[in-house]
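The number in the working numbering is simply the position in the sequence shown, starting from 1, with 289 added.
Glycine included, each C-beta is placed from N, C-alpha and C at the ideal position.
Report on the structure given below.
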Amino acid sequence: MTQTPKTFIFIGRSGCGKGTQADLLIDYLKKNDPAREVVYLEIGKLFRDFWKGEGYTQELSKNIYAEGGLQPEFLAISTWSQFLINHMKSNVHVVIDGVPRSLTQALALDSVAKFYSWDCPNILLLNISREMAKSRLLARKRADDSEKGIDARLDWFDTDVAKAITFYEDSQNYAFHDINGDQSVEAIHQEILQKTGLLG
């Protein structure tokens, strides 16, 4: 296992398995580098916890999600920024799931990487087709996953998130990895370990 902390940023369409792969990676890091903590930023969980509140902002935010819309930049950035402010420590691995979701957020997260001196973060694009993503989302049958909402989320991936992906592909400050998301869960995990150098 590497003697230096690493940062991993998962990006991909809804339904691509980011959460599953993040969990597997965290388990691997904890097993193979037990002396080092892992800070896990999962934007979906942060918003689900936020929506448990009953304020006006939560109500508006929940309505946006129900329609499959993209949360406003100020709310998304403030939510994950506050998490990092509260949880970041020195000499830890960092795993990020679902951030950024736009070029604006990618630039904000870039300032975070510089502030915390993250060394060449790994960008992990779990690449699956729109059709596969929609099929997986419909199959999981979440109460808040309407077909209209799913289509809207897949639309803004192709417009907003795609710009963030291009930013990372073009930057020399990041290690960009295009991962075949159509493989088995274990095969994807192994590809991630190999491409990020965790297997040597």
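Check: One or two residues paired with Y329 in a DSSP bridge; Outcome: V384
Check: Best match in D471, I300 and D322 for proximity to I332 [C-alpha to C-alpha]; Outcome: I300
Check: contact_flag[the segment 460 to 467, the segment 414 to 433] where n(CB pairs < 8 Å) is 3 or more; Outcome: yes
Check: L443, DSSP secondary structure in three states; Outcome: helix
Check: Terminal residues of the alpha helix (DSSP H) in which D467 lies; Outcome: Looking at the DSSP string, D467 is not in any alpha helix (DSSP H); the run it does join, the beta strand (DSSP E), is A464 to N469.
Check: Those runs of the beta strand (DSSP E) which lie wholly inside the segment 328 to 403 and span at least 3 residues; Outcome: 382 to 386
Check: Nearest neighbour of R419, chosen from D447, R390 and C409 [CA to CA]; Outcome: D447
Check: Per DSSP, cross-strand counterpart(s) of G301; Outcome: L415
Check: F484 to T309 span [Cα, whole Å]; Outcome: Reading the sequence as shown, one finds Lys at residue 484 and not Phe. The straight-line gap from Cα to Cα measures roughly 18 Å.
Check: Cβ pair count under 8 Å reaching 3, the segment 380 to 396 against the segment 316 to 328; Outcome: yes
Check: Assigned secondary structure, T448 (DSSP; H/G/I helix, E/B strand, else coil); Outcome: helix
Check: Host alpha helix (DSSP H) of Y317 (start-end); Outcome: K307 to N321
Check: Top-ranked residue by Cα proximity to F297, from E458, L330, I385 and Q394; Outcome: I385
Check: 7 Å Cβ cutoff met for A422 and G304; Outcome: yes
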